[in-house]
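Inspection log for the structure reproduced underneath, given as structure tokens.
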Amino acid sequence: MITIIAAAGENNELGKNNDLVWHLPDDFKRFKQLTTGHHIIMGRKTFESFPKPLPNRTHIVITRNKNYRKEGIIVVSSIEEALEKAKEDSQPFIIGGGEIYKQSIPFADKIELTRVHGTFEADTFFPTFSKEHWTLVHQEFHEKDDRHNYSFTYETWQKK
């Protein structure tokens, strides 16, 4: 089962200047819980936004740069090649960015989307996906609190 995991604002905002535009500790915790032990597939800019590789996950980085190398990272040139490298994993996760999400929608079986309730200035966006092809199977609302400047809803979508 190929799963896309993302957090997006009300207008599908993902981030700006290769960074998130909100800080949601519970969402980070959920991301870690879901992706630990799995392959995580991402674009080069997303990978480079991390201070270091995320522990206990196999990193697959998609880039057009044929000479791109990082120790301990699998480097590929397409979403298809990334999925082939992750085929032994029962649930690889696509973790961004915007262009990688767009390319991966046709391959995905599930979307774990954290919908952040707010609008943000952004330069990267989550692709729109057709509710005709996807069913919302679970949602869980979290109110804004002293640790979270925005309320948000975890949404799980399954491909029909």
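With UniProt numbering applied, the sequence shown corresponds to residues 1 to 160, in that order. All C-beta atoms in this analysis are idealised placements derived from N, C-alpha and C, irrespective of residue type, glycine included.
Excluding five sequence positions before and after Tyr68, the CB atoms of its chain that fall closer than 8 Å to its own CB belong to Arg44, Val61, Val75, given in chain order. Here Ala108 carries a coil assignment [DSSP, helix/strand/coil]. If you draw a 10 Å sphere on the C-beta of His39, you find 16 or more other C-beta atoms in it, and that means buried. Going by beta carbons, Ile111 and Ile4 fall inside the 7 Å limit. The C-beta distance from Lys160 to Thr135 rounds to 6 Å, short enough to meet the 8 Å contact threshold. Residue range 44 to 48 is occupied by the alpha helix (DSSP H) that includes Glu48.
For the UniProt domain "DHFR" (1 to 159), the full-length beta strand (DSSP E) segments reaching 3 residues or more read 3 to 9, 13 to 15, 39 to 43, 58 to 62, 74 to 76, 93 to 96, 110 to 116, 134 to 142, 152 to 159 along the chain. Inter-residue distance for Asn65 and Ile100 is about 15 Å (C-alpha atoms, whole angstroms).
The beta carbon of Ser49 lies closer than 7 Å to those of Asn18, Asp19 in the same chain, with the five residues before and after it left out. A direct Cα-Cα distance of roughly 31 Å separates Lys29 from Glu132.
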